[in-house]
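Working notes, beginning with the structure itself.
There are 2 protein chains.
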Amino acid sequence: MTSDTPLPPGSTIGILGGGQLGRLLAIAAAELGFSVHIFAPAGDNPAIGVAEAATVADWLDETALAVFANAVDVVTYEFENIPEETVRRLAEMVSVYPGVNALAIAQDRLAEKTMATSLGLGVAPYAPIDSAADLAAAAVKLTLPAILKSRWLGYDGKGQVLIERPEDTDEAWRIVGAVPAVVESRVAFRTEISVILARGSNGETRAFDIPENRHERGILSTSTVPAAVPVVIGERAIAIAEQIAAALDYVGVLAVELFVVGEGDSAELLVNEIAPRVHNSGHWTSDACLVSQFEMHIRAIAGWPLPDPIRHSDVTMTNLIGADVEGWPELAAERGARLHLYGKSIVRPGRKMGHLNRVTPRRN
Amino acid sequence: MTSDTPLPPGSTIGILGGGQLGRLLAIAAAELGFSVHIFAPAGDNPAIGVAEAATVADWLDETALAVFANAVDVVTYEFENIPEETVRRLAEMVSVYPGVNALAIAQDRLAEKTMATSLGLGVAPYAPIDSAADLAAAAVKLTLPAILKSRWLGYDGKGQVLIERPEDTDEAWRIVGAVPAVVESRVAFRTEISVILARGSNGETRAFDIPENRHERGILSTSTVPAAVPVVIGERAIAIAEQIAAALDYVGVLAVELFVVGEGDSAELLVNEIAPRVHNSGHWTSDACLVSQFEMHIRAIAGWPLPDPIRHSDVTMTNLIGADVEGWPELAAERGARLHLYGKSIVRPGRKMGHLNRVTPRRN
């Protein structure tokens, strides 16, 4: 596939990962007439139930990867917690979008911040941490409270550690697992927004309208569109995402989470997180836009034209986390709401089980 | 499942038929967290590619039917050209919606017209035909031109025969295959509309807004919403569909095609065809409504609440028939349009390959 030859319907899209994002991408691909082949390690993989084919194997199973690469026309991934090596090997055999560079940077919190800084973008004050001594020194320089996070994804979930006083640093270092990390000051932001940006291989971009996001206990709770931020803030946010996408030579849908610090047109935007994939804060697009983020991503990686992200409705997306999903009979009856369930067989606290889009006529 | 216990997410919906309607139903079911199991004879079955499981077997394979019935929680069908016997056997083992009665009547053009007439509904002047002599007699009584159609579906496609002069009847009888038939006068209608009606097992109904349909060479070409007919005509059309659905004790989405004869509020409505399933003239609902006809059907057969069929946009659906689909690169680039392709591997003249919904903001 060259950049000016779109992948014809009937081609097979390979998706790494079998979770809900893979499932929603697989459906979008099927609606365009593509076949889908999921590659995922054993486990609860709801994406497999809506795909034409599936390979269940370890991320580093070379034979399985080669067979998979041979069976598909293009590869994408539904999340960034995949060994870089997996994507690197596949990329030697078949086109992979987004590229391995985007994956590598999104997996490395330090590289993410370094890149943002090198592009002249704002981030929360931070310091790289490789030892307890580093952390003790940083806790003096940075404004507390601060958050210590392991540098790379893929370490088993030690989570994030809040540091409120300089004397907490030794314990925080132990809790995070004494692994390379990043510490950053907690920012007093007014609100959080995100940009859901599609970029084609020809460099064209399309940005959906900006959602405003609320998190609860570290998990996205709601995304509301339009966001209650000035138009100019939305425009600056999109420009930031475009800058990042261009720097990564990105193909596909990219999500950039941003903190809005301060009020009005002069508010500052700080890059919080870059996700090289469709994003939970874009799930509202399925019911408020003609073309969803999932279709937009499939179009981008297939070399199809990227449509204007026309939005016909206002919307609030609410995640159904863990036991929330048990309210499905009431949610299914709610007027003006569309329920999405992911077909996961096991409910666990904190697990994303579905979402609800509450839609109203567009006001402007 | 009783009428007041909705089928929980994670249950398995069995679908008879593997074509595009099965595919679109399977996707809608997956979006609600259901698993889907397709039953279809060997062939090009695009629905299988988006389903969790599939049984490929003949319609009358008793063992396969029993295994299928055992694997699913409820059964529906994507088209009416299935042996009544298949549905009758399944209904002894598992709930089937719509019921076998609706299927039987929709398969029998004479029974369809008899039922409509017995409900006091208008139909084109018609006569049952069991012999060449019947046809000769009818050609004298009915206004010509008239159309001769085999009475039952499932006879191999002798199609429909136009009778323009009384002396054409012997040849017409031969062409239709000398099988039980119905002849009906061709109606000089102003336009064609259809009702896409959902009915739950509790008797509640929901009607989508009325589309106006254009056919070309006997195949649906476009459906436009809103239809250019007076409001009162739409209301009467919905009342007709509700009457039919109640008479059939119907559960699921039912489509009723109607001729509008004459002008204005006093136009007459004639029942043309009843389809016990989601319908091509309802494909616009996917992109102009919060909940599509496909989700509405799945909800009805699963005993879920039926939402108001809120329409947020105006729309024209255009079918992509045969080689039309080769225009996909241009169609995929059209602003304000959403392309749907069915993943069929073989293009044939007259074959439905996809559709395009051209969407504009709702005007009223």
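Note that the protein sequences, when read in sequence, are chains A and B. Here the working numbering = 1-based position in the first sequence + 5. Here the working numbering = 1-based position in the second sequence + 5. No residue lacks a Cβ here, since even glycine has one placed at the ideal position from N, Cα and C.
In the DSSP output, which residue or residues are listed as bridge partners for residue 165/B? Stepping through the second sequence from its first residue, residue 165/B is reached at position 160. In DSSP, residue 165/B forms a bridge with 154/B.
Using a C-beta cutoff of 9 Å, does residue 366/B count as contacting chain A? Reading the second sequence from its first residue, position 361 is the one you call residue 366/B. Yes, because at least one Cβ of chain A sits closer than 9 Å to the Cβ of residue 366/B.
Under 9 Å (Cβ pairs) to chain A, residues found in the stretch 312-344 of chain B: 312, 313, 315, 317, 318, 330, 333, 334, 337, 338, 339, 340, 341, 342, 343, 344
Listing by chain order, which chain A residues have their CB less than 7 Å from the CB of residue 309/B? Numbered from its first residue, the second sequence carries residue 309/B at position 304. Those within 7 Å of residue 309/B in chain A are 337.
Reducing DSSP to helix, strand and coil, say where residue 137/B ends up. In the second sequence, counting from the first residue as 1, residue 137/B sits at position 132. DSSP places residue 137/B in helix when its eight states are reduced to three.
Which of the three DSSP states is assigned to residue 277/A in this structure? As a first step, residue 277/A must be located in the first sequence, where it is residue number 272. Here residue 277/A sits in strand by DSSP.
At the 9 Å Cβ level, is residue 240/A part of the contact set with chain B, yes or no? As a working note, residue 240/A is residue 235 in the first sequence. Taking Cβ atoms only, chain B never reaches closer than 9 Å to residue 240/A, which makes this a no.
When DSSP labels each residue in this structure, what does residue 290/B get in the three-state scheme? Taking the second sequence and counting its residues from 1, one reaches residue 290/B at position 285. Here residue 290/B sits in helix by DSSP.
Spatial neighbours of residue 191/B within its chain, please: C-beta separation below 7 Å, excluding the five flanking residues on both sides. Walking along the second sequence from the start, residue 191/B turns up at place 186. These residues qualify, in order along the chain: 150, 151, 152.
Pull out every residue of the stretch 11-44 of chain A whose Cβ sits closer than 9 Å to any Cβ of chain B, in chain order. 11, 13, 14, 15, 28, 29, 31, 32, 35, 36, 37, 38, 39, 40, 41
Chain-ordered neighbours of residue 155/A on chain B, where CB pairs are closer than 8 Å: For the purposes of this step, residue 155/A is taken as the residue at position 150 of the first sequence. Chain B residues near residue 155/A: none, gap ~33 Å exceeds 8 Å.
So which residues on chain B does residue 346/A lean against when the C-beta distance must stay under 7 Å? Along the first sequence, one-based indexing puts residue 346/A at 341. Per Cβ cutoff of 7 Å: 14, 37, 38.
Chain B within 9 Å of residue 356/A, Cβ atoms only: For the purposes of this step, residue 356/A is identified with residue 351 of the first sequence, where counting begins at 1. It does not; no Cβ of chain B falls within 9 Å.
Taking any Cβ of chain A, which residues in the stretch 50-63 of chain B have a Cβ under 9 Å from it, in chain order? 51, 53, 54, 55, 56, 57, 58
Mind checking which residues open and close the beta strand (DSSP E) that includes residue 179/B? For the purposes of this step, residue 179/B is taken as the residue at position 174 of the second sequence. Unbroken run through residue 179/B is the alpha helix (DSSP H), 174-180; no beta strand (DSSP E).
Quickly, what does DSSP pair residue 316/A with across the bridge? List them, please. As a first step, residue 316/A must be located in the first sequence, where it is residue number 311. Answer by DSSP bridge pairing, in chain order: 294/A.
Reference residue 253/A; option with closest CA among 111/A, 90/A, 93/A: Taking the first residue of the first sequence as position 1, residue 253/A is located at position 248. The shortest Cα separation from residue 253/A among 111/A, 90/A, 93/A belongs to 111/A.
Hey, is residue 230/B's beta-carbon within less than 9 Å of any beta-carbon in chain A? Against the second sequence, residue 230/B aligns to sequence position 225. No, residue 230/B lies away from the interface with chain A (no Cβ there is under 9 Å from its Cβ).
Give every residue of the same chain whose Cβ lies closer than 8 Å to the Cβ of residue 63/B, excluding the five residues on either side of it in the sequence, and list them in chain order. As a first step, residue 63/B is located in the second sequence; it is residue number 58 there, counting from the start. Excluding residues within five positions, the ones whose Cβ falls inside 8 Å are 46, 69.
Going by C-alpha distance, which of 81/A, 158/A, 146/A, 135/A is nearest residue 117/A? Reading the first sequence from its first residue, position 112 is the one you call residue 117/A. Among 81/A, 158/A, 146/A, 135/A, the Cα nearest to that of residue 117/A belongs to 158/A.
Taking the beta carbon of residue 20/B as the centre, do at least 16 other beta carbons fall within 10 Å, making it buried, or is it exposed? Walking along the second sequence from the start, residue 20/B turns up at place 15. Burial call: buried.
Three-pair Cβ contact test at 8 Å for the stretch 31-39 of chain A versus the stretch 328-338 of chain A: no
Would you call the CB atoms of residue 1/B and residue 234/B closer than 9 Å? With chain B represented from 6 up to 369, any question about residue 1/B goes unanswered, as that position is not in the structure.
Quick check on residue 360/B: buried or exposed, where buried means 16 or more other Cβ atoms within 10 Å of its Cβ? Along the second sequence, read from residue 1 onward, the residue named residue 360/B stands at position 355. Its Cβ being crowded by 16 or more others within 10 Å, residue 360/B is buried.
Beta-carbon gap between residue 186/B and residue 257/B smaller than 9 Å: Here residue 186/B is taken as the residue at index 181 of the second sequence, counted from 1. Here residue 257/B is taken as the residue at index 252 of the second sequence, counted from 1. Not closer than 9 Å, so no.
Using a Cβ-Cβ cut-off of 6 Å (strictly less than) and excluding sequence neighbours within five positions of residue 228/B, which residues of its own chain qualify? Position 223 of the second sequence, counted from the first residue, corresponds to residue 228/B. Cβ within range, chain order: 216, 218, 286, 289, 322.
Excluding sequence positions up to five away, which residues of its chain have a Cβ less than 8 Å from the Cβ of residue 124/A? For the purposes of this step, residue 124/A is taken as the residue at position 119 of the first sequence. The residues are 248, 249, 252.
What would DSSP say about residue 284/A, mapped onto helix, strand or coil? Taking the first residue of the first sequence as 1, we reach residue 284/A at position 279. In this structure, residue 284/A counts as coil in the three-state DSSP scheme.
Can a CB atom of chain B be found closer than 9 Å to the CB of residue 296/A? The sequence position of residue 296/A within the first sequence is 291, counting from 1. Yes, its Cβ sits closer than 9 Å to a Cβ of chain B.
Should the stretch 129-141 of chain A be called in touch with the stretch 166-176 of chain A, which here means at least 3 C-beta pairs below 8 Å? yes
Identify whether residue 364/B lies in helix, strand or coil by the three-state DSSP scheme. The sequence position of residue 364/B within the second sequence is 359, counting from 1. Three-state result, residue 364/B: strand.
Enumerate in chain order the residues of its own chain whose CB-to-CB distance from residue 205/A is below 6 Å, with the five nearest sequence positions on each side excluded. As a working note, residue 205/A is residue 200 in the first sequence. Within the same chain, residue 205/A has close Cβ partners 305, 311.
Relative to the C-alpha of residue 351/A, which candidate in 50/A, 28/A, 22/A has its C-alpha closest? Residue 351/A sits at position 346 when you count from the first residue of the first sequence. Ranking the options by Cα distance to residue 351/A, first place goes to 50/A.
Between which two residues does the alpha helix (DSSP H) carrying residue 94/B extend? For the purposes of this step, residue 94/B is identified with residue 89 of the second sequence, where counting begins at 1. Run containing residue 94/B: 89-96, per the alpha helix (DSSP H) assignment.
C-alpha gap between residue 73/B and residue 44/B, whole angstroms: Here residue 73/B refers to the residue found at position 68 when the second sequence is read from its first residue. Here residue 44/B refers to the residue found at position 39 when the second sequence is read from its first residue. Spanning the two alpha carbons is a distance of roughly 7 Å.
Between the CA atoms of residue 29/A and residue 168/B - distance to the nearest angstrom: Mapped onto the second sequence, residue 168/B falls at position 163. Mapped onto the first sequence, residue 29/A falls at position 24. Cα to Cα, residue 168/B sits roughly 51 Å from residue 29/A.
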